[in-house]
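This report refers to the structure that appears directly beneath it.
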Amino acid sequence: MTDRPRIARRRSAATLRWLRRSPLVTAGGLVILLYMLAAITAPLLAPHPPLAQLLERRLEPPQPGYPLGLDQLGRDILSRVLFGARLSLLIGLVVVTVAGLLGTTVGVVAGFAGGRIDNVLMRITDVFFAFPSLILAMAIAAALGPSLINTMVAIAVVTWPVYARLSRAQTLVLRRQEFIEAARALGASDARVIARHILPNALSPLIVQASFNMGEAILIAAGLSFIGFGAQPPTPEWGVMISEGRDYITTQWWVPTFPGLAILLAVTGFNLVGDGLRDLLDPRLRRAG
Amino acid sequence: MSRYILGRIASTGLVLVGVSALTFFIAHVVPGDPVLVALGEHAREEQIQAYRRAYGLDRPVVVQYVIYMGRLLRGDLGVSIRTRRPVAVDLRQFLPATVELGTAAWLVAMMLGIPAGILSAIFKDRAFDHLSRIAALIGASMPVFWLGLLLLGNFYFRLHWFPGPGRLDITIDAPPARTGLLLVDALLSADPIAWGNALRHLILPGLTLGLFSTAVVARMTRSAMLEVLYQDYIRTARAKGLSAWRVHLWHALRNAMIPTLTIIGISFGNLLSGAVLTETVFAWPGLGRYATTSAVSLDFPAVVGVTLVAAVIYTLVNLIVDLIYARLDPRVRYD
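Residue numbers (my numbering), protein chains in the order written: chain C, 35 to 323; chain F, 3 to 337.
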């Protein structure tokens, strides 16, 4: 018991060393942290309400008080971009949670059960892999009707199979390890073996995937709202803002440019963290890359 | 060898059956009332009844699925609500534009991505490597539709370096349609003006759609090259005194291209997804734009038709890539 603080200290020192070894993860992590702060404190940070219109000042360029300019309805672009961070991160988190839970469950069950169950579950996974993701997401969103929740459902439906494949591969390797056999010999049930021994050890590639999945979800969600699904105007969502501002790309460039930059930077952040974590966790890459 | 091929073809067949089941589910089970979706909300009662009978919607779902499969196998994808034409006819009309755009994007990805990946691996941890990796990271994180808008806004509206949306200038007569591929049709009818114009129209959307795949191909080529460069036979080749270029391009690249091939198959799905957005931005009359306009007007047969065709094309491309892979890398066959 008295060792706890020391272990914790040692752990945080190890984490620090680890972060120093990967400037990629640190840089991406900082970007994500900034976005999360922006999302949480948007109502405090935003200088104006995101829906408030000043029609007589529409399309004015960036200026003090309106650092990113005003859009076609005289709304403050900075405030809308900040509130957009809330939506995009929320979509990403919900998608990662739902797709991650569903995919991991399918994959672990398939890998653990083996035989016919494995076969059936993996063929179902293959079917989902057969669709280009945005096209399937669009069909689902169209069937369910355009709304934010349906967007999240659609994106989760098209992204869960990756988790299933990854967690199945991990389970197949782990299942044959001696410590699993030992746990079994001690009388652990299947559920306990999965929850206490397989899942914790299968987690690292899933965490890497979660980071990429966040970026992917943000991109697909923005793409869906750009073509008219997903969030609807006047919601301050980045894809909607670009879609509404597309006619001003040359004359009032700030209208569609800043929401696009917001997407680019956020997705870059998640991809950086995913890349960095993958390099750190993959001993093969550490040697070669 | 033949056993691997047969197995791979059989599993592809199984996947395609699954694909049809999933699209059936999306079209017929997910929406509250498929009849209202198909006929629109203002349909009259007689129309609804007739439609139900015609499409067997009064039968159990399993029977409906069998009927649906029968229609699919005959190439019947239903009738589009918006264009009032058979969806299959619509798709045939819009497919060539997407094939042309996709090929352009694919060429961009190969011509930029592979050299960037090779040089990155050879000059690992030097300036070029860092720059190319940063570029690949940004390319993979870029919203396609936003990139398209930026390119269109700057290089068409502002600088007039490239023509605007669409496949041809309005002032130019389209060559007689034989393949639907403008570049090919223009060649066939020996029309250099239409050919040049179509090519110039292809550049901006091709770059837009190709950027994501370029990033993916560059990363894959780099890591495959690095993997190979550490192998013993490369050291042997170097020890024999072969020039660096010969080692890199002849011994290393040949083997590094095999894993890169897989990514070409996988990135094909990204091309199809990206085409939806690129075609919307560039008013490109292809499958993607057909899909979005249909989806926005809730034209279900059309949306499902595009989804199905996209999945079939994607699946077949991956089958072909896998078969080539097995041919190139004997280890796959004997696994």
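We put the beta carbon where it would ideally sit given N, CA and C, even for glycine. Please read these numbers as outputs of a predicted model, since none were measured by experiment.
Asp110/C has Leu104/C as its beta-bridge partners, per DSSP. Excluding sequence positions up to five before and after Leu310/F, its CB lies within less than 8 Å of the CB of Val21, Ser22, Thr25, Leu74, Leu79, all in the same chain and listed in chain order. When only Cα atoms are considered, His82/C and Leu295/C end up about 20 Å apart.
Cβ neighbours of Ala176/C within its own chain (closer than 8 Å, five residues either side excluded): Phe263.
A contact between stretches requires three or more CB pairs, one per stretch, nearer than 8 Å, and the region 139–157 of chain C meets this requirement with the region 193–211 of chain C. Among the residues of the region 295–318 of chain C, those with a Cβ less than 9 Å away from any Cβ of chain F are Leu295, Ile297, Leu298, Leu299, Ala300, Val301, Thr302, Gly303, Phe304, Asn305, Leu306, Asp309, Arg318, in the order of the chain.
Here the alpha carbons of Asp160/C and Asp171/F stand approximately 42 Å from one another. Judged by DSSP secondary structure, Thr159/C falls within the alpha helix (DSSP H) whose first and last residues are 149–163. With respect to the C-alpha of Ile205/F, the residue from Asp193/F, Ala107/F, Val219/F having the closest C-alpha is Ala107/F. Less than 8 Å separates the beta-carbon of Gly168/F from that of Ala285/F.
Counting only unbroken stretches of 4 or more residues, the alpha helix (DSSP H) elements lying wholly within the region 56–121 of chain F are 63–75, in sequence order.
Put simply, of Asp331/F, Ser245/F, Thr317/F the residue whose alpha carbon is nearest the alpha carbon of Arg10/F is Thr317/F.
Gly290/F is not a Cβ neighbour of Thr216/F, given a cutoff of 8 Å.
In this structure, Asp152/C and Gly279/C do not form a Cβ contact; the two beta carbons are roughly 49 Å apart against a cut-off of 8 Å.
At least one C-beta of chain C is nearer than 8 Å to the C-beta of Tyr316/F. Spatial neighbours of Phe164/F in its own chain (CB-CB distance under 7 Å, excluding positions within 5 residues in sequence) are listed in chain order as Phe157, Tyr158, Arg202, Ile205, Leu206. With a 10 Å radius around the Cβ and a threshold of 16 neighbouring Cβ atoms, Val308/F comes out buried.
Judged by DSSP in its simplified three-state form, Gln97/C adopts strand.
Here the alpha carbons of Ala244/C and Ser201/C stand approximately 12 Å from one another.
For a Cβ distance threshold of 9 Å, nothing in chain F lies close to Leu93/C: the least Cβ distance comes to about 15 Å. In this structure, Tyr69/C lies near Gly303/C, with their beta-carbon atoms less than 8 Å apart.
Across the structure, Leu299/C and Leu211/F are spaced so that their CA atoms are roughly 19 Å apart. Here Val140/C has Leu155, Ala198 as same chain residues with Cβ atoms under 6 Å from its own Cβ, once five neighbours each way along the sequence are excluded.
Ranked by how close their Cα comes to the Cα of Val132/C, the residues Thr285/C, Asn184/C, Val227/C, Arg157/C have Asn184/C in first place. For Ser275/F, the C-beta contacts it makes with chain C under 7 Å involve Pro166, Ser167, Leu168, Ile169, in order along the chain. Scanning Leu325/F, Leu97/F, Pro303/F, Leu152/F for the CA closest to the CA of Thr291/C turns up Leu152/F. Comparing alpha carbon positions, the residue from Asp281/C, Ala216/C, Leu78/C closest to Ser113/C is Leu78/C. With 16 or more other Cβ atoms from the protein chains shown falling within 10 Å of its own Cβ, Gln286/C counts as buried. Asp331/F: not part of any alpha helix (DSSP H); DSSP gives it neither H nor E.
Annotation: Ala216/C to Ala47/C spans about 32 Å, alpha carbon to alpha carbon. From the beta-carbon of Arg160/F, the residues of chain C found nearer than 7 Å are Thr284. As the crow flies, the alpha-carbon of Ala56/F is around 36 Å from that of Phe260/C. Within the model, the alpha-carbon separation for Gly310/C versus Asp301/F is close to 43 Å. If the five residues before and after Val319/F are omitted, its C-beta is found closer than 7 Å to the C-beta atoms of Gly267, Phe270, all from its own chain and listed in chain order.
Judged by DSSP secondary structure, Glu212/C falls within the alpha helix (DSSP H) whose first and last residues are 212–219.
Here Val19/F is exposed, its C-beta having fewer than 16 other C-beta atoms within 10 Å.
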